[in-house]
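> For the sequence shown, the working numbering assigns the number 117 to the initial residue and increments by one for each residue that follows.
Virtual Cβ for every residue (Gly too), placed ideally from N, Cα, C.
Here the structure is a predicted model, which means the values were calculated and not measured.
Below you will find the structure I want to go over with you.
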Amino acid sequence: MKATQKDFAGLAARAAATAKVFFFCGPDEAGASDAAMRIVSLLEDPGERIEFAGADLRKDPVRLSDEARSTSLFGGARHIWVRASGDDAHDAVANLIAGDVEPCPVLIVATGATDKSRTAKLLAARDDALVAMFHPPDLGAITAVVRAEAGAAGLRLGSELAERIARGSGVDTRVARSELAKLALYCDAAPESPRTVTADDLDAIAAHASDDDFGPLVDAVLGGRRAVLTAELARMRATQINPVGLLLALERRTAQLSALAARLAPGDNLARFLDNEANARRIFWRDKAVLAEQLRNWRGARLERLAQRLMALHQAMLRNSVDSELFLTQELAIITRMACSNSAR
């Protein structure tokens with residue numbers, strides 16, 4: 117079965133009850149992850165979570181099938197979460213659906229893949245599978261989500277503050293939820309005892325790792341500005357910018373570039389295209405200049421390779437959190453050099 121971004125919410129309950137393999141893809145990795153979490157919340161008994169990287173399954177395509185049909189160490193339920201890039205998990209999924217024994221639920225979040233990818237085509241026509249593709253929401257959509265979730269947390273939030281949280285989170289629902297959780301704790305808010313949020317409240321808890329902190333470094337790296345990279349890395353260390361938060365900001369910008377590149381037709385005037393995107397509120401008007409610079413550097417196969425590098429970096433940082441800042445700093449230097457070489461072409 118196949119779901120669009122708009123109808124996923126209506127199909128989620130039925131899919132959770134009938135499907136065993138879920139493939140969430142598209143340029144909005146946060147939206148795809150949210151959808152996977154929604155399915156897990158709807159499972160009758162999700163049990164233990166087993167996690168795999170797509171690269172691991174590419175090397176050992178039988179492992180997913182074996183794990184999905186094995187019994188938990190304590191005999192309870194389980195589900196498998198796969199974080200993949202593109203079609204990394206294709207052969208593993210092919211082996212999984214070829215088996216005769218029903219597997220436990222398998223949820224695949226595939227950054228860089230689409231509903232036209234090889235893995236999606238394996239699953240889309242099956243009644244026991246779900247394929248759903250997610251595009252980055254515009255600022256208005258994420259603001260509405262922030263207001264809705266704030267209300268559920270007992271926070272009375274005006275539209276201006278909701279938009280500020282949405283913009284500060286880089287339209288990433290995971291970051292926005294983190295900010296709302298901190299606000300609820302700071303304001304001592306709960307659904308049964310709601311509190312009104314003020315600008316001072318938001319100032320008091322606003323994450324230091326906001327896009328205002330990330331932006332200059334993200335723009336320096338993706339813009340290939342080697343002359344300012346050293347100073348930005350020094351600022352990152354001096355202000356103790358969260359490495360994972362910075363990586364998420366890079367991933368969000370890369371997903372945004374992918375979505376823009378997909379809508380940009382050959383021969384289109386880039387400045388006019390970005391003007392139209394800003395007028396439609398799909399991008400912030402102040403970002404037009406840096407987005408133009410980055411779209412000139414990152415297109416097609418180069419943009420796909422960038423997404424794959426960031427995915428591999430994310431997995432490396434998760435495996436070794438102690439050295440995450442070192443991994444990130446090295447990769448930022450490499451990506452900046454790649455952007456420079458792209459600019460020179």
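(1) Is DSSP giving Ile166 helix, strand or coil here?
(2) Straight-line CA distance for Val291 to Ala347?
(3) Touching or not, the region 405 to 421 and the region 328 to 345, by the rule of three or more beta carbon pairs under 8 Å?
(4) Under a three-way DSSP split, which group does Leu159 fall into?
(5) Between Val360 and Met433, what straight-line distance do the alpha-carbon atoms span, to the nearest angstrom?
(6) Would you mind sorting Leu301 into buried or exposed? The rule is 16 or more other CB atoms within 10 Å of its CB.
(7) May I ask you to report which of helix, strand or coil DSSP gives His251?
(8) With distances taken Cα to Cα, identify the nearest neighbour of Ala282 among Gly270, Ala268 and Ala264.
(9) Out of Gly202, Arg165, Arg174 and Arg199, state which residue places its alpha-carbon closest to the alpha-carbon of Ala184.
(10) If I'm right that Ala365 touches Phe389 with Cβ under 8 Å, what's the distance once you round it to whole angstroms?
(11) Quick one, are the C-beta atoms of Ile213 and Val137 less than 8 Å apart?
(12) Start and end of the alpha helix (DSSP H) containing Arg130?
(13) Candidates Pro252, Ala132 and Phe124: which alpha carbon is nearest Ala146's?
(14) Considering only the beta carbon of each residue, do Gly163 and His195 sit closer than 8 Å?
(15) When you compare the CB positions of Leu271 and Cys303, do they come within less than 8 Å of one another, or not?
(16) Please determine, among Arg311, Ser440, Arg353 and Val217, the residue with the shortest C-alpha to C-alpha distance to Ser186.
(17) If you drop the 5 nearest sequence neighbours on each side, which residues of the same chain put their C-beta closer than 7 Å to that of Thr227?
In short, the structure shows the following:
(1) strand
(2) Each residue's Cα considered, the two are about 26 Å apart.
(3) yes
(4) coil
(5) 8 Å
(6) Leu301 is exposed by the Cβ-count criterion.
(7) coil
(8) Ala264
(9) When each option's Cα is compared against that of Ala184, the closest is Arg165.
(10) The beta-carbon distance between Ala365 and Phe389, rounded to whole angstroms, is 23 Å. This is too long to meet the 8 Å contact definition.
(11) yes
(12) For Arg130, the enclosing alpha helix (DSSP H) begins and ends at Phe124 to Thr134.
(13) Pro252
(14) yes
(15) In contact: Leu271 and Cys303 (Cβ atoms closer than 8 Å).
(16) Val217
(17) Glu145, Ser201, Ala423 and Met427
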